[in-house]
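Protein sequence lines correspond, in order, to chains H and L. First residue of the first sequence? That's 1 in our numbering, and the numbers climb one at a time after it. First residue of the second sequence? That's 139 in our numbering, and the numbers climb one at a time after it. Backbone N, C-alpha and C define an ideal beta-carbon position, used for all residues, glycine too.
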Amino acid sequence: MPQYMLIMRGTDETNAAMMANVDEMMAATRLFIEETAKAGVYVAAEGLDDPGRGVVVHFSDEAPVVTDGPYGETKELFGGFFLLDVASKQEAVEWAKRVPAVPGSKIEIRRVPGEDEVPQDNGKFVKEGALRESSGQI
Amino acid sequence: MGTADVEAVWRIESARIVAALTRFTGDFGLAEDAAQEAVAEALVSWPLAAPANPAGWLMATARRRAIDAIRRRTALQDRYALLAAGPAVDDEIDPDRIDDDVLALMFVSCHPVLSREARVALTLRVVGGLSSEEIARAFLVPVPTVQARITRAKKTIAAAGVPFELPAAGERRERLGAVLSALYVIFTEGSTATSGDRLLRPDVAYEAIRLARTLAALQPDEPEVHGLLALCELTAARFPARTGPDGSPVLLEDQDRRRWDFSAIRRGLAALAKASTRGLGPYGLQAAIAAAHASAPSVEATDWDRIVVLYEALGRVAPSPVVELNRAVAVAMASGPAPALAIVDELIALDRLPGSHLVPTVRGELLARLGRRPEARAELELAARLCANQRERSVLLRKAAALG
């Protein structure tokens, strides 16, 4: 079965607004997670630290290059996610509308294909399985 | 907003709306009817003008329809009484109470006065928010059959005077068992498809997992709820490997374990840990067996000794010939075919699984491993005669033929 990821996208302004009411936002977010759990759709949720404290690894033909700070020139930055096990995209949208968020922020909704949708002869998949096997995960 | 949007809001809100309305009216059947009327209205009006607060719209509309129904029903003097009690109608949902009300809804939907089919249909409809059409698709029965089951179930509940409340402490365990059993019936319909041409129907199994998660969130102190959830998650984790590209079943020993859903296994193990706090019940034990398989890299590297112990424990808390047969298979893997054959022969001597193809299937395999080939062949041929599934039958006949 597919799952849906609700990807939080904020700007410097929305992040600042959120931090100004951090306790209230945290409490509201906890409540939202409780609601999704009671509805049987909650799978996972995480929030990310300040993008300014992040690093970015750039790939080119040469060796990867590492830079400090937020990702590229993008205005909207990935701040966290909710992973939900819902019956449809519309249901994911309905849940997204209930996420506590300050004005100006956005939520991107992306489908996570189920394990059963991965083709059986997919080379990359088989390699991942072999790695999991060798690392004792199965 | 289109049909899919209405359905999405309904999936999220149905249990809370029906629960709150039942609390408000004291009449489960009326509450369910009123809620269905509200959805029908939403399907017509939302595409024209989307409400600002869809959940609130559904609740308010359902409440109005419930009041209309009561007015139609009640005698004049009662009507004045109702109007006098008017302000209660505008009460908002009490968040502290709604969890208990949703839980009470699950208990009512799985009440012992109802048949098993009715419990399943009602649970999917009022707690799961599925339409009659969706339930009919899930159980491969005609839509009118589902509608009749739900109508009859509501009448039965009204006739029996089933109160809308959480069961008293004395009957709590038994009533919870009825809820768990209904959820497990839904899950097995998706995981072993008793009818139809597909072995697995993950969408049906998903509904059971979703309901089990709801129950686990509302009853976090009941180990068997987590046990059932663990069993469902761990069983569903194997779905991607359980059928071949042509839809034919793949046995556990032949499954490509790299295709198992590792996120589901992690969730299942976490639920099993919660189930283990006070000793495992029947669902917890079955989950522990599933977990032993889920954490093994191969059939050979499986901890069969542990699985034997778990089957012994399961046989004590929930005795059944099928458990005995499974224990025999585990014993064969742990200690060899001879002691396993003794268990199977005892089952046959007591005639505890008459007419099942599973007994001669296992007995045939054990005899083959003991080198008693003519006897093994006869058992497998008997198993093929008793087996109703075409795909399984051809596998049995192939095995029998291979024994010469």
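Contact criterion: CB-CB distance below 8 Å. Does residue i meet it with respect to chain L?
i                 : result
Glu140 of chain H : With chain H covering only 1 through 138, there is no way to say anything about residue 140 of chain H.
Met5 of chain H   : no
Met8 of chain H   : no
Glu94 of chain H  : yes
Glu91 of chain H  : yes
Glu115 of chain H : yes
Val99 of chain H  : no
Met18 of chain H  : no
Ala37 of chain H  : yes
Ala87 of chain H  : yes
Met1 of chain H   : yes
Gly79 of chain H  : no
Pro64 of chain H  : no
Val41 of chain H  : yes
To the nearest angstrom, how far is it from the Cα of residue i to the Cα of residue j?
i                 : j                 : result
Asp341 of chain L : Gly69 of chain H  : 43 Å
Arg310 of chain L : Leu356 of chain L : 14 Å
Leu278 of chain L : Glu24 of chain H  : 48 Å
Ala28 of chain H  : Met197 of chain L : 22 Å
Arg507 of chain L : Glu391 of chain L : 16 Å
Ala429 of chain L : Arg529 of chain L : 28 Å
Val65 of chain H  : Gly382 of chain L : 44 Å
Val281 of chain L : Ser270 of chain L : 6 Å
Gly79 of chain H  : Ala178 of chain L : 39 Å
Leu520 of chain L : Glu175 of chain L : 55 Å
Ala522 of chain L : Asp483 of chain L : 19 Å
Leu338 of chain L : Asp441 of chain L : 27 Å
Ile150 of chain L : Pro457 of chain L : 38 Å
Arg209 of chain L : Val99 of chain H  : 38 Å
Leu485 of chain L : Leu369 of chain L : 26 Å
Gly417 of chain L : Pro378 of chain L : 31 Å
Ala63 of chain H  : Val57 of chain H  : 10 Å
Ile138 of chain H : Asp49 of chain H  : With a pLDDT of only 49 at Ile138 of chain H, under the threshold of 50, the placement of this residue in the model should not be trusted; the figure read from the coordinates follows. Approximately 32 Å, taken between the alpha carbons.
Ser532 of chain L : Ala411 of chain L : 40 Å
Leu181 of chain L : Leu318 of chain L : 33 Å
Leu463 of chain L : Arg53 of chain H  : 59 Å
Thr373 of chain L : Ser105 of chain H : 39 Å
Ser183 of chain L : Val144 of chain L : 10 Å
Can you check which of these residues, the options, is closest to residue i by C-alpha distance?
i                 : options                                   : result
Met1 of chain H   : L:Met244, L:Arg348 and L:Ala142           : L:Arg348
Leu243 of chain L : L:Thr289, L:Leu524, L:Ala428 and L:Ser152 : L:Ser152
Arg257 of chain L : L:Arg501, L:Ser270 and L:Leu321           : L:Leu321
Glu34 of chain H  : H:Arg9, H:Phe82 and H:Asp116              : H:Phe82
Ala432 of chain L : L:Val461, L:Pro457, L:Gly453 and L:Arg397 : L:Arg397
Asp85 of chain H  : L:Glu360, L:Ala540 and L:Glu345           : L:Glu345
Pro498 of chain L : L:Gly509, L:Glu513 and L:Leu488           : L:Glu513
Ala288 of chain L : L:Ala538, L:Ser329 and L:Leu168           : Note that residue 288 of chain L is Ile in the sequence shown here, rather than Ala. Closest option to Ile288 of chain L, Cα to Cα, is L:Leu168.
Thr415 of chain L : L:Pro361, L:Leu488 and L:Arg531           : L:Pro361
Tyr71 of chain H  : H:Val55, H:Ala96, H:Gly114 and H:Gly47    : H:Val55
Val579 of chain L : L:Pro250, L:Leu268 and L:Ala259           : In the structure as shown, chain L starts at 139 and stops at 542, and residue 579 of chain L therefore has no counterpart that could be examined.
Ala44 of chain H  : H:Ala16, H:Asp12 and H:Val112             : H:Val112
Under 8 Å between the Cβ atoms of residue i and residue j?
i                 : j                 : result
Thr294 of chain L : Leu252 of chain L : yes
Ile107 of chain H : Met8 of chain H   : yes
Pro305 of chain L : Phe245 of chain L : yes
Arg395 of chain L : Pro435 of chain L : yes
Pro192 of chain L : Gly140 of chain L : no
Gly365 of chain L : Gly422 of chain L : yes
Val455 of chain L : Gly419 of chain L : yes
Pro387 of chain L : Arg380 of chain L : yes
Ala274 of chain L : Thr283 of chain L : yes
Val469 of chain L : Val500 of chain L : no
Gln3 of chain H   : Ala146 of chain L : no
Ser329 of chain L : Ala307 of chain L : no
Tyr449 of chain L : Ile427 of chain L : yes
Val102 of chain H : Thr14 of chain H  : yes
Measuring only between beta-carbons, confirm whether residue i sits less than 8 Å from chain H.
i                 : result
Tyr344 of chain L : yes
Asp143 of chain L : yes
Arg149 of chain L : yes
Thr352 of chain L : yes
Ala466 of chain L : no
Pro378 of chain L : yes
Ala355 of chain L : yes
Checking the sheet assignment: what are the DSSP bridge partners for residue i?
i                 : result
Asp68 of chain H  : H:Val55
Pro387 of chain L : L:Thr381
Met8 of chain H   : H:Gly80 and H:Ile107
Tyr42 of chain H  : H:Leu84
Val177 of chain L : The partner list for Val177 of chain L (beta bridge, DSSP) is empty, contrary to what the question assumes.
Gln393 of chain L : Looking at the DSSP assignment, Gln393 of chain L forms no beta bridge with any residue, so it has no partner.
Gly47 of chain H  : H:Gly80
Report whether the distance from the Cβ of residue i to the nearest heavy atom of the ligand NAD is below 7 Å.
i                 : result
Gly114 of chain H : The ligand NAD is absent from the structure shown, which contains no ligands of any kind.
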